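Data block below; observations after.
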Amino acid sequence: MKKFITAEYEFSSPKVKELLKFLMISDLHNVCFGENNAVLVKKIYQENPDGILIGGDLLIGKPGASVLPALSFLRQAVGCCPVYYGLGNHEYRMKINPEQYEHQYQRYERELEKAGVILLENQHIPLKSKKTSVNIYGLELPMKYYDRKRRHGLSQRELKLLLGKPEENAYNILLAHNPRFTDAYLDWGADLTLSGHYHGGMVRLPFTNGLISPYMTLFPKYCHGLFTKEGKYAVVSAGMGEHTIPLRIFNPREMLVIILKPEE
Numbered sequence: 001m002k003k004f005i006t007a008e009y010e011f012s013s014p015k016v017k018e019l020l021k022f023l024m025i026s027d028l029h030n031v032c033f034g035e036n037n038a039v040l041v042k043k044i045y046q047e048n049p050d051g052i053l054i055g056g057d058l059l060i061g062k063p064g065a066s067v068l069p070a071l072s073f074l075r076q077a078v079g080c081c082p083v084y085y086g087l088g089n090h091e092y093r094m095k096i097n098p099e100q101y102e103h104q105y106q107r108y109e110r111e112l113e114k115a116g117v118i119l120l121e122n123q124h125i126p127l128k129s130k131k132t133s134v135n136i137y138g139l140e141l142p143m144k145y146y147d148r149k150r151r152h153g154l155s156q157r158e159l160k161l162l163l164g165k166p167e168e169n170a171y172n173i174l175l176a177h178n179p180r181f182t183d184a185y186l187d188w189g190a191d192l193t194l195s196g197h198y199h200g201g202m203v204r205l206p207f208t209n210g211l212i213s214p215y216m217t218l219f220p221k222y223c224h225g226l227f228t229k230e231g232k233y234a235v236v237s238a239g240m241g242e243h244t245i246p247l248r249i250f251n252p253r254e255m256l257v258i259i260l261k262p263e264e
């Protein structure tokens, strides 16, 4: 049976008035931990989080590929706490090419909405909290930003067109699947950005964050782990699955545990 680890990150802020816990799951790609993801679901319930943050690519964007593993997992997870879903490139390409993917994404989306999963497609939603104002944003990037041949930059103007401006008095969490633009996310003003996509670089060598990116670049800067800039933070998850090239060396699958706490 496939295994995963939990990686915990703690952040304190004057905007946070109480202890809050989130789990972040990214790049599951239809992988199951135990029958019907029983092991993963059990761990989620044991952690008892205030919310589950989905960083995208829970499924495989391939014609004929099933969405049922992802859908079944989410139906179970939403019974524990609210689930906030930011799309990855696999979901997005299915969404914008309905004929090619036989309208799979559209059916998937309807079932998610029935289950109570909160989809964030260039949208944000406030977390229901008694003391702390928290906004959760989900960034949906057009496919050109995943192009392996042409490297498009992401400007602040484009980010603001997609997301608007972050609320200054709230703690703002951004689900942004592609970590290539982490500098732009931090400059935009998210207090905490959570990404995936790179699968931890597939191979983790000593003193590196990961070997290779989906763009076939070696030792990409924002591949895995914690990054900070001017009081803002970003965490890139190694993800929980793989596709196409099923390779992980010294690079365990991981679920992130995010702890927010008041500043001492």
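Mapping of the sequence shown onto the numbering used here: position 166 corresponds to residue 166, and the numbering continues sequentially without gaps. Ideal Cβ positions, reconstructed from N, Cα and C, are used throughout, including at glycine. Small disclaimer: the values here were computed from a predicted structure and weren't measured.
Expected contact under 8 Å - CB spacing of residue i and residue j to nearest Å
i	j	result
Tyr-84	Ile-136	5 Å
Leu-256	Leu-23	7 Å
Glu-140	Asn-122	5 Å
Coil, strand or helix - residue i by DSSP
i	result
Gln-24	The displayed chain sequence assigns Met, not Gln, to residue 24. It is a strand residue.
Met-7	Correcting the residue type first, residue 7 is Ala in the shown sequence and not Met. In this structure, Ala-7 counts as strand in the three-state DSSP scheme.
Gly-189	coil
Lys-15	coil
Pro-252	coil
Ala-176	strand
Gly-239	coil
Ile-245	coil
Nonlocal neighbours in the same chain, by C-beta distance under 7 Å from residue i, ignoring five residues either side
i	result
Cys-81	Pro-49, Asp-50, Gly-51, Ile-52
Pro-14	Glu-263
Ala-70	Leu-28, Asn-30, Leu-58, Leu-59
Val-67	Leu-59, Gln-104, Tyr-108
Lys-17	Lys-131, Thr-132, Pro-262
His-152	Lys-144, Tyr-145
Under 8 Å between C-beta atoms of residue i and residue j
i	j	result
Met-94	Gly-61	yes
Pro-220	Tyr-185	no
His-272	Gly-88	In this structure the chain extends from 1 to 264, so residue 272 is not present and cannot be described.
Leu-163	Leu-194	no
Leu-226	Leu-20	no
Asn-172	Asp-187	no
Ile-54	Gly-86	yes
Gln-76	Val-41	yes
Gly-189	Gly-201	no
Gly-79	Gly-196	no
Neighbourhood of residue i by C-beta, 6 Å cutoff - its chain only, sequence neighbours within 5 removed
i	result
Gly-241	Asp-27, Leu-28, His-29, Val-31
Tyr-222	Pro-179, Thr-182, Val-236
Lys-229	Leu-186
Beta-carbon contacts of residue i that lie in its chain and below 8 Å, excluding the five residues immediately before and after
i	result
Lys-3	Phe-33, Pro-252, Arg-253
Please specify which runs of the beta strand (DSSP E), each continuous and at least 3 residues long, are wholly inside the stretch 53-104, giving them in chain order. 83-86
Go through the stretch 123-174 residue by residue and report every complete run of the beta strand (DSSP E) that reaches 3 residues or more, in order. 123-126, 134-139
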